[in-house]
Every structure is written in structure tokens, then in C-alpha cells.
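Following: one structure in C-alpha cells, then a few remarks.
Numbering (full-length UniProt numbering), first residue to last: 1 to 358.
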């Protein structure tokens, strides 16, 4: 599972205003709900903007993306290396360059010195990929970041030389037509799986992830999202997407080379396997009268304060940090203090795990 904590919806550090030229090319956000099909109102692949157009929309953000992490921003050479790596990796992997770019922007905004995260699985580099090796920020920061490392970050996120990446999740969704397979693949890259209902806004991790990716592919620049993490899972579709009709920048057909199929072990490794959720105990637990809080953990989440915790909450299907705070009375800032690996956008709140709330 990729660590989507470092996306436009996450790490809400302010991004400086960009030029009027770039701002004029960016598209407004459209909320896409449901299963990712064109019949549910999602954009077709023909409606995606070209890679060059999407690069123009995002290059301003890429250039200042490391500010959010307190690191030196990309040099022009480092940013150029990202573009080259995406194009070469698209050619070798069969994954469209636009899709690679969209996922990279969602995961790191293009900062070559993005920190490596670890919420049970190590997620390094520009793509915050699954247990890859390439990074310029893990323990020590590399400046400049070598072009070979930048290329490997993109390759590992795309699944080249890695057991779980975009190649594998696209392959697992290959029975779906047009762009739907990519939207399903994006959701799997984020959370390890698609909810059994098929609704890309339901399930675990970042509920808006697939909608965000679809928007990035048609020209959204990551600003002013209209997607609600708590509402997207209840949406089942909308009217046909009308943006970019007649787009002459149709992405090239995906090469017919065989994409590696994920093994059972790699798919299973994409997200930790939680034990069955235990029904919260009722009554008074260490002074807590809230029936949603229990006195002990049966499956403590990574980073939870097990030594000093006085009350636990078991995450159930559909939970978000907002719903957890409502159910338990804990503030989000306290949730983060008590669970050190709970990220700023709650994208690693896992069903079946116990989180410290008191």
C-alpha cells in the first residue's frame, strides 16, 4: 500500500500562488463518485489531457513542493529528471505517463526529497511506493538527488523492479474497460484493495483518492478540492463528464507487452491483514463512560502509545478520523499525539486496528 499521507489532500502546507498562465490552464475540481465507469460520470481516457499539458499544469507545484517538508526545493535539473523518468518509465512499463504523473503528484507533489514513511510498510520516494529502495530522504537528505535515484523512484512506483506498483494494480483491473481500470488501480495503489461494493469512495484509507486522480488526469492542479472524505463513499455516480470533449491530446494506446501479474503474496503484502474487529466493550472503562472506548487493545495500530494508553477505539468499516473523534470525543491533535504514525490526512486509519484515544 502506498502512503498517501503526502498528497494534495494531505500535509496541507500552503503552496505559493503560481503564474496566471498556469492557473488559466488548470481545471476546476469535479467530484466523481461510484465505480469509476463513464456511465457513473467519470472521465474517459480520451478526455485525459496530454502528458505535456498536465506537466505544464503541475510543474509550478513541483518546483516548490519540498517547502512542505522543510527541505530544499527541487533544482531545475532534478525537476527535468522527474519528467524524463516518467516518460521513460511509461515506455518500459506500459503505464500511461499521465497516470504516473497524477499518482506522483498525489503522493509527494514531486518533491525529490520527500521523507520516507513507514506505517507498517516502508513507503519511500516520489511515489511513496510499496517497500522500494530509492529515496533521497531516509535518515539523511541528499542534495542534489541523483538522476539515477529519481528514475528508480518512478520505476519502483510504476512496479518496474518492484513486486507491487502501478503495473500490477492496473493488471489486476484489466477486465475493466477504458479509464475505469486506472481509477480502480489508483484506489488499490492507495489502500491495497477496492471495497467489495465497487464504490471507489468506500472502504479504507483515502476515500477521495480515486476522484482526485481522475481530476488530476483532466487538468486539476491540486488546489481547492471539493471532495469530502465523509461523503464520497455514499455517492454512486453522476451525469456524464463533459470536460475536455474532443480533446486532441488523446493518450497513446497502452503497449501490448505483457504487464507482470501481481503474485498472491505481493497483493496480500500491500496492506496489513487486520484481525477481526472486536466489538467495543460497553460501560465504564478506566473512567470512560463512552461505550465506543474499550480498556485494552487486541490489535494495536502501529505507532499507538501502548504503554500509557487508557482507552482504545477499534476502527470499523467506513470510519474516518472525523467519525472517530465524534464517537470518542478525542480531538484529532490528540489522536495524532497518541498514535505517532497516524498521518495528517488520516489516510492510514486501518479497519480492524485499535487506536489509542485516551
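We put the CB at the ideal spot given by N, CA and C, even for glycine.
Quick caveat, the model's predicted, so the values are computed rather than measured.
{"Asked": "DSSP has residue 356 in a bridge; who is on the other side?", "Found": "312"}
{"Asked": "Take residue 169 and list the residues in its own chain whose beta-carbon comes closer than 7 angstroms to its own, dropping the five residues that flank it on each side.", "Found": "185, 188, 189"}
{"Asked": "Could you give the DSSP three-state label for residue 300: helix, strand or coil?", "Found": "strand"}
{"Asked": "Restricting to Cα atoms, I'd like to know which of 230, 71, 194, 156 is closest to residue 104.", "Found": "156"}
{"Asked": "Just to check my reading of the structure: residue 51 and residue 101 have Cβ atoms closer than 8 angstroms, yes? What is that Cβ distance to the nearest angstrom?", "Found": "7 angstroms"}
{"Asked": "Give a yes or no on contact between the stretch 23 to 42 and the stretch 210 to 221, applying the rule of three or more CB pairs nearer than 8 angstroms.", "Found": "yes"}
{"Asked": "For residue 26, which residues in the same chain have their Cβ closer than 7 angstroms to its Cβ, ignoring the five residues on either side in sequence?", "Found": "57, 219, 220, 221"}
{"Asked": "Which full runs of the alpha helix (DSSP H) of 4+ residues lie inside the stretch 16 to 102, going along the chain?", "Found": "20 to 25, 51 to 63, 76 to 93"}
{"Asked": "Express the C-alpha separation of residue 338 and residue 299 in angstroms, rounding to a whole number.", "Found": "15 angstroms"}
{"Asked": "From the DSSP output, in three-state form, read off residue 290 for me.", "Found": "coil"}
{"Asked": "With distance defined between alpha-carbon atoms, name the residue in 232, 341, 354 nearest to residue 118.", "Found": "341"}
{"Asked": "Is the distance from the Cβ of residue 217 to the Cβ of residue 99 below 8 angstroms?", "Found": "yes"}
{"Asked": "Taking all protein chains shown into account, do 16 or more other C-beta atoms lie within 10 angstroms of the C-beta of residue 306, making it buried, or fewer, making it exposed?", "Found": "exposed"}
{"Asked": "Roughly how far, in whole angstroms, is the beta-carbon of residue 108 from the beta-carbon of residue 65, given that I think they are within contact range, below 8 angstroms?", "Found": "7 angstroms"}
{"Asked": "Could you please give the first and the last residue of the uninterrupted alpha helix (DSSP H) stretch that includes residue 183?", "Found": "180 to 191"}
{"Asked": "Quick one, are the C-beta atoms of residue 126 and residue 112 less than 8 angstroms apart?", "Found": "yes"}
{"Asked": "Beta carbon of residue 353, beta carbon of residue 324: below 8 angstroms?", "Found": "no"}
{"Asked": "Would you check if the distance between the CB atom of residue 69 and the CB atom of residue 124 is smaller than 8 angstroms?", "Found": "no"}
{"Asked": "Less than 8 angstroms between the CB atoms is what I'm expecting for residue 293 and residue 33, so what's the real figure, rounded?", "Found": "Contact flag wrong, Cβ pair sits at about 32 angstroms."}
{"Asked": "Consult DSSP for residue 137 and reduce its assignment to one of helix, strand or coil.", "Found": "strand"}
{"Asked": "Ignoring anything shorter than 4 residues, give me the alpha helix (DSSP H) runs that lie fully in the stretch 205 to 233, in order along the chain.", "Found": "209 to 217"}
{"Asked": "Is the separation between the beta-carbon of residue 358 and that of residue 311 shorter than 8 angstroms?", "Found": "yes"}
{"Asked": "How is residue 117 classed by DSSP in three states: helix, strand or coil?", "Found": "strand"}
{"Asked": "For residue 61, count the other beta carbons within 10 Å of its own beta carbon; 16 or more makes it buried, fewer makes it exposed. Which is it?", "Found": "buried"}
{"Asked": "Does DSSP put residue 334 in a helix, a strand or coil?", "Found": "helix"}
{"Asked": "Quick check on this structure: which residue in 145, 242, 175 has the alpha carbon closest to the alpha carbon of residue 29?", "Found": "242"}
{"Asked": "Run the CB neighbour count on residue 224, radius 10 Å, all protein chains shown included, and call it buried at 16 or more, exposed below.", "Found": "exposed"}
{"Asked": "I'd like the span of the alpha helix (DSSP H) that includes residue 157, first residue to last.", "Found": "147 to 158"}
{"Asked": "How many Å lie between residue 274 and residue 77 at the Cα?", "Found": "Model confidence at residue 274 stands at a pLDDT of 40, short of 50, so the residue's coordinates are unreliable and nothing is read from them."}
{"Asked": "Can you grab the Cα-Cα spacing for the pair residue 179 / residue 97, in whole Å?", "Found": "14 angstroms"}
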